[in-house]
Amino acid sequence: MEKILTIAWKELYTVSTDRVLLLFMLGTPLAISLIIGLAFGSSGGELTIGAISVAVVNLDQGGGEGNLGETVASILLSEPIARSNEATCQLSSESAPAEIRPLSSFLNAKRLDDPELARAGVDDGIYAAAVIIPADFTSKVNPPRDPSLLEQTQLEKTQVEVYGSGATAISVTIVRSIAETVIQPFVTASAAIRGTVQTIFANPLNAIKFMSADESAFAGFACAYNPNLGNISLERQALNDVQARSAFEQILIRFGSAQAVFFSLFTAWTGLQSVYRDRNTWVLQRLLSSPTSRQSILAGKLLGVQWIIVLQILLLLVFLSIIASISNGAFTFLWGNNWLALVMLLLSVSLAVSGVGVFVVGLARTPEQATLLGTMVNMGLALLGGAFGFRLGEFSKLSLIFWAVDGFESLSSGDAAIELNLLVLLVQGLILFSVGSWLFNRRVQV
Amino acid sequence: METMVETKGLRKTFMRKDSTPIHAVKAVSFSIYRGEIFSLLGPNGAGKTTTISMISGLIEPSEGDAFIGGYSIRQQARQAKQLIGVVPQEIALYPELTARQNLWFFGRMYSLRGKELKMRMDEVIEFMDLEERQHDRIDTFSGGMKRRVNIAAGLLNRPQLIYMDEPTAGVDPQNRRRILDTVFRLRDEYQMTVLYTTHLMEEAEELSDRIGIIDHGEIIALGTQAELTERIGAEDRLVIEVKRPSDEQTLLDALRAHPQASKVEYQVDHLKDIDRRGGSAVTPAEEAVLTVYCQNGRKLLAEVLNIIEQQVEISSIEVRQPDLEAVFLNLTGRALRD
Ligand SMILES: Nc1ncnc2c1ncn2[C@@H]1O[C@H](COP(=O)(O)OP(=O)(O)OP(=O)(O)O)[C@@H](O)[C@H]1O
Ligand SMILES: [Mg+2]
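Quick note, the sequences are listed as chains A and B, same order.
The first sequence stops at residue 1070 when you use my numbering, and every number in between is there.
The second sequence stops at residue 376 when you use my numbering, and every number in between is there.
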């Protein structure tokens, strides 16, 4: 037992020393929630923003994979995006409810061809800001298709310029946030591949490369974020307590908890994937030739990942509350006052999440397969479960994210009747966890 | 002599994807005595790591068994594993942890804790001379330093028997020297039994009390160095590089006529020739190598030189005494290197 705890502790310690990973695990979901909250949570709250006039200049000359700069520009301009995934986009826009605020209500964007003209326009006060996409945007962010080359490629930096003047500092900040929001989905999608997290944080724009790496896998994701299609929808809850909350808080609750669960799904399988590294470095062999059983090693790893997930979700829930408190200028706890129910929900969500992780790594035969499978499973669960801002009706009940978010929403509205959520999450977690452990057992062999 | 390790008909067959077998180790039986340094010497892919992996309980033998201090590695793995320390061929450490944290972690895996663990850690840190860098992360270490921590981790449980799988791979001469000295100290100061694998003849020669030569998964010879060279009846070799003679046959006949020369080999050095001209055409070489086999090379040297000098110019001379290289060559018809 002591050995199991030591192994679990080591897993936790390793994560806690990895700053880049922590930033991904905690910083990214918070940033996304915050940006979405600020951008869309203003309709009912105090944070009303008038449309900001922006000049958009796309100098991108494209590359083998098309013109990614144009995609970004189109989103900012609220123009339809020329993509191959119309079907997916149509499907999702059907479910768009009435109460949405399209991007065009924030940005009064105009397309210009000459960057100098755009900058001059800003200087003259015609535009609050100018977004200038450089000529080499696609080519710089477009990596080789072969994933093995991808590791080695030294990615070159490219810079999207957000030009503004001191007079419009706030507007410029907002424009920058929105530009980042447009780019953020690509970051999220790509960050699934843990090894490249570093690169992404060095320059988030690099992340777009993953779009082209496997367009079909991420196409749905990209269009899910296209505000023009109204996918980012945040309908109001009918419940009284929720009504009392500002739109910003509601977004933090629904979107924030969804992001927390979504990102913890990545933690689950990337954490377990470390077994492959341990085998390559012979650490696993060293462990196996000590008087430590395979079962202990397996249990230690699983327990460690379980701890990490619980902590990750817990911290995200706390941070979301802190954000709400800051925004309100007063202490605001988002998750209700039924502590027992909250703890139980947290634990069963964690079990369900790690169950998915164990299952994915157990099922895949190689670390590459695990990455691919894991990414697809996570994206699928997120797409179904509402982590991208919309839900797919009854289908969303297939996703643990739905059950988790629904549970958190209930608790935050003072409704403790989450037995069904707990049941679904626990049963799913237990099944996946046991089948997954049995499969994963084989991965701890040499 | 007391036996520390005994392997009985150890065999390991891996299956390829197309389900054709790879016979990595074929029915290997040998004993290692308590307190000796035993080397497994063999070329890459000979089966050294596979053998060690089986007798450390890491992989299940396809057949046979190994006994460590009398405990069967298959039936009494736990007891057997308490006796052994392992230094894998790879740097089996967590790169993101410090040297000390790694030692703590692996110490815990031998159920060590508290004061005892701390004492053992200090002990191996001092033994491997790691005090200065003990609080630094492994991924900041040089190759030689990593190797030393790798060894330290294998010593934590004060094993009676330590396996070292090519512990000098990728290490500079200075660090290599240090590691070899460590191996001697483990035997002499701590009375440990060492099973050492290498593909370097020099290391095996310098370190070992006894050597097992392994090739294609079989132990093809085993004994002290003297026994091995004696057993194959290896002779000294006079290796003489000459300018290519115009009349090769006369020279060879003259040499072969010498009563003490048991065998004379003649080889035209094509490779050198091609190399020098930078082309690929096989043109007649200008140099040749004569190898004369005899019982006492030094004594015969003068006479042999005399014969050759009458006919052709000599570029270099070397007397080679029988070594493990010769043993390997003799047994397999191949050079140990490459
Ligand atoms: N897990 C495995 N699956 C299939 N074949 C294997 C496996 N491990 C080893 N082999 C094969 O068994 C043979 C012996 O390998 P082994 O690693 O024991 O050699 P070695 O003597 O340690 O070589 P080196 O000096 O390169 O370390 C090789 O042909 C190798 O390819
Ligand atoms: Mg080896």
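Glycine included, C-beta positions come from ideal geometry on N, C-alpha and C.
{"Check": "For B:I200, the three-state DSSP class (helix, strand or coil)", "Outcome": "strand"}
{"Check": "Beta carbon proximity, A:T630 to chain B, threshold 8 Å", "Outcome": "yes"}
{"Check": "Chain-ordered neighbours of B:E120 on chain A, where CB pairs are closer than 8 Å", "Outcome": "Note on residue identity: the sequence assigns Gln, not Glu, to residue 120 of chain B. What B:Q120 touches in chain A: P915."}
{"Check": "Three-state secondary structure (DSSP) of A:E839", "Outcome": "Model confidence at A:E839 stands at a pLDDT of 39, short of 50, so the residue's coordinates are unreliable; what they give is reported in the following sentence. Looking at A:E839 - three-state DSSP - the assignment turns out to be helix."}
{"Check": "Check whether B:A242 and B:R282 have beta carbons under 8 Å apart", "Outcome": "no"}
{"Check": "Within chain A, the residues that B:F179 reaches when beta carbons sit closer than 8 Å", "Outcome": "Chain A residues near B:F179: none, gap ~14 Å exceeds 8 Å."}
{"Check": "Residues near B:R28 in its chain [Cβ-Cβ closer than 8 Å; skip 5 each side]", "Outcome": "Any answer about residue 28 of chain B is impossible in this case: the structure gives chain B only from 39 up to 376."}
{"Check": "Local conformation of B:Q305 per DSSP, three classes", "Outcome": "strand"}
{"Check": "Residues, ordered as in the chain, of the region 906-940 of chain A that lie near chain B by beta-carbon distance below 8 Å", "Outcome": "W906, V907, Q909, R910, L911, L912, S913, S914, P915, T916"}
{"Check": "Limits of the beta strand (DSSP E) - the one that B:K86 falls within", "Outcome": "Element bounds for B:K86: not the beta strand (DSSP E) but the alpha helix (DSSP H), 86-93."}
{"Check": "B:Y132 at chain A interface by Cβ criterion, 8 Å", "Outcome": "yes"}
{"Check": "Alpha-carbon to alpha-carbon, B:R248 and A:S913", "Outcome": "25 Å"}
{"Check": "Proximity below 8 Å, CB of A:V644 to CB of B:Y132", "Outcome": "no"}
{"Check": "Check: B:T88 C-beta below 7 Å from any heavy atom of ligand 1", "Outcome": "yes"}
{"Check": "Close-in-space but distant-in-sequence residues of the same chain around B:E74 (CB under 7 Å, 5 per side omitted)", "Outcome": "T231, D247, R248"}
{"Check": "Endpoints, the alpha helix (DSSP H) within which B:F222 is located", "Outcome": "211-226"}
{"Check": "Inter-residue CB distance, B:M39 and B:L199 (contact presumed, cutoff 8 Å)", "Outcome": "Actually they are not in contact, since the Cβ atoms of B:M39 and B:L199 sit about 14 Å apart, beyond 8 Å."}
{"Check": "Amino acids of chain B, ordered along the chain, whose beta-carbon sits closer than 9 Å to that of A:E992", "Outcome": "The premise fails here: A:E992 is roughly 17 Å from chain B at the closest Cβ pair, so nothing lies under 9 Å."}
{"Check": "Nearest neighbour of B:R269, chosen from B:I346, B:M166, B:G95, B:F366 [CA to CA]", "Outcome": "B:F366"}
{"Check": "C-alpha distance - B:D361 paired with B:E244, whole-angstrom precision", "Outcome": "11 Å"}
{"Check": "Per DSSP, cross-strand counterpart(s) of B:P297", "Outcome": "None; B:P297 has no bridge partner."}
{"Check": "Delimiting residues of the beta strand (DSSP E) encompassing B:K46", "Outcome": "41-53"}
{"Check": "Best match in A:R1066, A:L1050, A:G928 for proximity to A:V639 [C-alpha to C-alpha]", "Outcome": "A:G928"}
{"Check": "Status (buried if at least 16 other CB within 10 Å, exposed otherwise) for A:I950", "Outcome": "exposed"}
{"Check": "CB-CB length for B:R294 against B:T329, believed under 8 Å", "Outcome": "About 12 Å; that fails the 8 Å criterion."}
{"Check": "Where the alpha helix (DSSP H) containing A:L647 begins and where it ends", "Outcome": "Taken as a continuous stretch (DSSP letters only), A:L647 belongs to no alpha helix (DSSP H), as it is neither H nor E."}
{"Check": "C-beta neighbour in chain A for B:M53, strict 8 Å", "Outcome": "no"}
{"Check": "Length of the line joining the Cα atoms of A:T916 and A:F761", "Outcome": "52 Å"}
{"Check": "Collapsed DSSP secondary structure at B:F76 in the structure displayed", "Outcome": "strand"}
{"Check": "Under the three-state DSSP convention, the category B:G181 falls into", "Outcome": "helix"}
{"Check": "B:T329 - containing beta strand (DSSP E), residue span", "Outcome": "325-332"}
{"Check": "Within chain B, the residues that A:E635 reaches when beta carbons sit closer than 7 Å", "Outcome": "None at all; the shortest Cβ gap to chain B is about 10 Å."}
{"Check": "B:I129 beta carbon less than 8 Å from that of B:K184", "Outcome": "yes"}
{"Check": "Proximal residues of chain B, C-beta to C-beta of A:K627 below 8 Å", "Outcome": "R146, M147, S149"}
{"Check": "The region 944-960 of chain A touching the region 133-152 of chain B, judged by at least three CB pairs closer than 8 Å", "Outcome": "no"}
{"Check": "Beta-carbon contacts of A:G880 that lie in its chain and below 6 Å, excluding the five residues immediately before and after", "Outcome": "S657, L944"}
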